[in-house]
Structure formats: structure tokens, C-alpha cells
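Report on the structure given below.
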Amino acid sequence: MREIKFRAKIKGHIGFVYGVPHNVYEDKDFQNKWFDSIQYCEGGEFLKEYIEENTLAQYTGIKDYSDKEIYEGDILSPISSEGYPYLVKFDEGEFCLYSKIGRWGSISKMRPTCDKLNIKINVIGNIYENPELWQDAS
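If you're matching positions, the sequence shown starts at -5 in my numbering and goes up one per residue.
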């Protein structure tokens, strides 16, 4: 079973905090949900902080070729340096890789039964802190 974890950027701080989403809101048609804060533990104390909009990301349950956890919004690149970067998104009920030309495939279908990708690809950044890695891709 996949480990459920989240990360988000705290307003006014650098880097991510890992924890549990807090304060859920829904629009009037119950079509969209969003969170405004995250709870986490630091030094044995539970803290709650407000997060930057649209930075809450869920762990995919999969690690890259170098054993680094892959989250929504991460940008992945082939180790061979041939090829283009991919963006991790949650789409149609599964975590997927997107290239600049569209959906490339399901992450869960790229691995056998372990929690590590069986293709040589690594996390090189994320869309929140390194948007240029995705924008400059061509």
C-alpha cells in the first residue's frame, strides 16, 4: 500500500514542509476542494502554518532512479540527458508524467511491483521552486 504524505510551501518561508493538509474548503458546487494550511511535527511539537496557494503536493509512493521520493509537481529528467523533462501530475485517478506535448504515461504502469521507477529518470526540481526547468524545456 502506498504511503500517504504531503508537502507544501509555507507562506514567507523557503523550502517545503511535510505534513497533513488542514482546513479544507469547497466551492458552492462541491466540484473543487482546496486547503489553506498544513499541520506538521517539529521538535516534538505539532504546528500549523498557512501555505502558498497551489503548492500542496502528494507523494506518489514512488522513488526515482536515485531513490528520491517523487511528488506531484516534480520535474523529472532522463539520466542519459537525451530527451525532455517530464512534469508529474495527478490526472484521471493516477499519477502521470507529462511532456511538453502532452500526457506521456502513468507512473504506476512504469514500475513493476516495487516503489521505484524501473526507468533511468531522476527528480531535477519542481514546478514551484524551479519553474524555469519546465518553461525552458523545448
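C-beta atoms are modelled at their ideal positions from N, C-alpha and C, and glycine is treated no differently.
Counting C-beta atoms within 10 angstroms of its own C-beta, residue 60 has fewer than 16 neighbours from the protein chains shown and is therefore classed as exposed. When the Cα atoms are used, residue 130 and residue 115 turn out to be separated by approximately 19 Å. Residue 30 has its alpha-carbon roughly 27 Å from the corresponding atom of residue 70. Assignment of residue 81 by DSSP, reduced to helix, strand and coil, places it in the strand class.
For residue 69, the beta-bridge partners assigned by DSSP are 81 and 119. Under the DSSP definition of a beta bridge, residue 41 partners with 34. Shown here, residue 126 sits in a helix according to DSSP, grouped into three states.
Bridge pairing for residue 4: 45 [DSSP]. The continuous stretches of beta strand (DSSP E) do not include residue 59, and DSSP gives it neither H nor E. Inclusion of residue 73 and residue 43 in the CB contact set at 8 Å is not warranted, their separation being larger than that value.
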